[in-house]
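Each remark here refers to the structure printed beneath this line.
Numbering (my numbering), first residue to last: 3 to 334.
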């Protein structure tokens, strides 16, 4: 037979057990909030590996890992001018374990211009932070006969539709920059879509296309090294990375807005405020990290940090402007 235990002792044991379980429960709950992220975070990139967007993602992922003590894994989901990757991000579980790098022009403009095809809207994302704002540029191979925009225009007028120029998708900043330039110059060119800057660079160097339309960060070193010749920069002023290259406006074609690329990070819409705050604080901290800034400077990426709600407002403002522009003057 088992020895009997006095009722008073049983009550005391129950009280102690209840207190112990309560402490464990509260501690577990506290750890669940404080531990985020407690496993790998996927970072979706909607463009090919090796391009400037992918490079920015991988550098940022490395510093986020150091800051938050969890792996950040870059996942390239390419195709359809970024739509495949952006759709995957928008439809991901909003638990904080999927974030993505977004290009402002594509993520805002694609749903406006192709609403029946694109499966996401700007409101499907929660802004974390903008990191880089990068002006557009048009370049040719160093041995190209085209040295100025005038050279391009003269040839294009005599050979309509023959000059091949790259872009990353209808409605992307580089695409709109080329479209606007063609309108202003009264010419027609053959616009060819690439899933990322890396394959476009290979195409222009291989002579498969005549002109590459990208962002300054993507080709600055190639211009400095003499592999490419820069025709003009699409910005309201000359690029600090390529100060000797004149702007489109200086050559008579003020295609400023269409060429600019804003690159930042976002999560699916319903991410919790707690996890979002952790990500925003981490981004804010690494952007003040001298090593992070040095890596971006080495890659000619001009930092333009906009955090959290302010970045979200910026995206919504851009969306409103582009919707109005599309309704008044559709470009496709």
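Backbone N, C-alpha and C fix where the C-beta goes; we use that ideal spot for every residue, glycine too.
Please go through the same chain and pick out, in chain order, the residues whose beta-carbon is closer than 7 angstroms to the beta-carbon of residue 137, but skip the five residues on each side of it.
Around residue 137, the same chain offers 217, 218, 235, 236, 237, 241, 261 and 262 as residues with beta carbons nearer than 7 angstroms, after the five sequence neighbours per side are excluded.
For the stretch 141-210, list the alpha helix (DSSP H) runs that are entirely contained and at least 4 residues long, ordered along the chain.
List check, alpha helix (DSSP H) in window: 151-160, 175-187 and 199-207.
Using the C-alpha atoms, what's the distance from residue 268 back to residue 280?
Spanning the two alpha carbons is a distance of roughly 13 angstroms.
Are the CB atoms of residue 53 and residue 199 within a distance shorter than 8 angstroms?
Result yes, Cβ atoms of residue 199 and residue 53 sit closer than 8 angstroms.
Any idea which residues DSSP pairs residue 132 with across the strands?
266 and 308, per the DSSP bridge assignment.
Check whether the stretch 100-113 and the stretch 184-203 are in contact - that is, three or more C-beta pairs closer than 8 angstroms.
Cβ pair count under 8 angstroms is below three, so no.
Can you give me the Cβ contacts of residue 89 inside the same chain, cut-off strictly under 6 angstroms, excluding the 5 residues immediately before and after it?
121 and 122, listed in sequence order.
Residue 246 classed as buried or exposed, judged by whether at least 16 other C-beta atoms fall within 10 angstroms:
Residue 246 is exposed by the Cβ-count criterion.
What whole-angstrom Cβ distance do residue 155 and residue 232 have, given they're in contact under 8 angstroms?
Between residue 232 and residue 155 the Cβ distance is about 16 angstroms, and since that is not below 8 angstroms, they are no contact.
Rank 142, 150 and 289 by C-alpha distance to the C-alpha of residue 225 and give the top, closest one.
Looking at 142, 150 and 289, the one whose alpha-carbon comes closest to that of residue 225 is 142.
Go through the stretch 31-81 residue by residue and report every complete run of the beta strand (DSSP E) that reaches 3 residues or more, in order.
The qualifying runs are 43-47 and 74-78.
Please state whether the Cβ-Cβ distance between residue 167 and residue 213 is less than 8 angstroms.
Note that the C-beta distance between residue 167 and residue 213 is below 8 angstroms.
Report yes or no: do three or more beta-carbon pairs, one from the stretch 57-73 and one from the stretch 282-301, lie closer than 8 angstroms?
Three or more pairs of CB atoms, one per stretch, sit closer than 8 angstroms, so the stretch 57-73 contacts the stretch 282-301.
Between which two residues does the alpha helix (DSSP H) harbouring residue 286 extend?
Per DSSP, residue 286 belongs to the alpha helix (DSSP H) from 275-288.
Just confirm the distance between the C-beta atoms of residue 106 and residue 317, as a whole number of angstroms; I'd bet it's less than 8 angstroms.
That belief holds up - the Cβ atoms of residue 106 and residue 317 are roughly 7 angstroms apart, short of 8 angstroms.
Take residue 185 as the anchor and find which of 159, 94, 205 and 174 has the nearest alpha-carbon.
With distances taken between Cα atoms, residue 185 lies closest to 159.
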